[in-house]
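Numbering-wise, the sequence shown is residues 41 to 189 according to my numbering. Below: the structure, in structure tokens.
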Amino acid sequence: MPNLFTVCLRLLSVIYERDSRHLFTPPDFGLISNLKVSAFLADLRKPKPHASFLLKHIPHIIPHKERVILFRDFVRDDKASLGIHTRTNWLTDDGPVGAVITVHRNRIVEDGYQQLANLTSPQLRMKIRVQFVNEMGLDEVGIDLDGVF
């Protein structure tokens with residue numbers, strides 16, 4: 041038999057799911073109203089189990105704006121750990137390239153999926169350069185390499 045905490049957690053999730061489809065609670069129902077994002081992020085980095093639990097099991101109690109801030113912080117930290125620059129122009133960026141894939145124009149989905157499925161997690165987080173091959177088997181130039189721009 042599940043304990044009271046598990047039952048309450050499930051009830052909160054059910055209320056949230058139903059409220060997402062048809063609003064019947066106040067807009068700030070179930071939210072941590074005075075959440076300090078910097079303190080919560082510090083708790084996640086330590087790591088403190090309560091912060092990880094909240095984010096994993098009941099993220100909807102954290103206001104959306106704060107979840108977006110947390111997500112952006114996670115992405116920034118992840119990019120920094122991979123040596124990826126955060127504020128660069130994608131056309132002139134000389135940051136690390138995770139992979140170069142070749143895609144035939146008449147088999148975009150098949151070629152793309154086949155090659156992306158073989159990439160590692162760090163490669164998927166880095167820049168992926170795509171080289172297109174036309175119907176004649178020749179490389180096509182694009183705006184990010186030797187094309188018009």
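Heads up, the beta-carbon is just placed ideally off N, CA and C, and yes, glycines get one too. All figures in this text were calculated on a predicted structure; none of them were measured in a lab.
Got a sec? Which residues, its chain only, sit under 7 Å from residue i by beta carbon, not counting five neighbours each side?
i: isoleucine 101; result: Gly70, Leu71, Ile72, Leu94
i: histidine 97; result: Leu49
i: proline 87; result: none
How is residue i classed by DSSP in three states: helix, strand or coil?
i: histidine 104; result: helix
i: threonine 46; result: helix
i: alanine 120; result: helix
i: leucine 51; result: helix
i: valine 188; result: Confidence is the limiting factor: at valine 188 the pLDDT is only 43, short of 50, which leaves the residue's position unreliable and the question unanswerable from this model.
i: proline 162; result: helix
i: serine 73; result: coil
i: phenylalanine 114; result: helix
i: aspartate 59; result: helix
i: aspartate 151; result: helix
DSSP beta-bridge partners for residue i?
i: aspartate 179; result: Val173
i: alanine 139; result: Ile168
i: histidine 144; result: Val173
Between residue i and the rest of its own chain, which residues show a CB-CB distance below 6 Å, the 5 nearest in sequence each way excluded?
i: glycine 152; result: Val143
i: serine 78; result: none
Start and end of the alpha helix (DSSP H) containing residue i?
i: phenylalanine 80; result: 77-85
i: lysine 96; result: 89-97
To which residues of the same chain is residue i closer than 8 Å at the C-beta, ignoring the five residues directly before and after it?
i: leucine 110; result: Val77, Phe80, Leu81, Leu84, Leu95, Ile102
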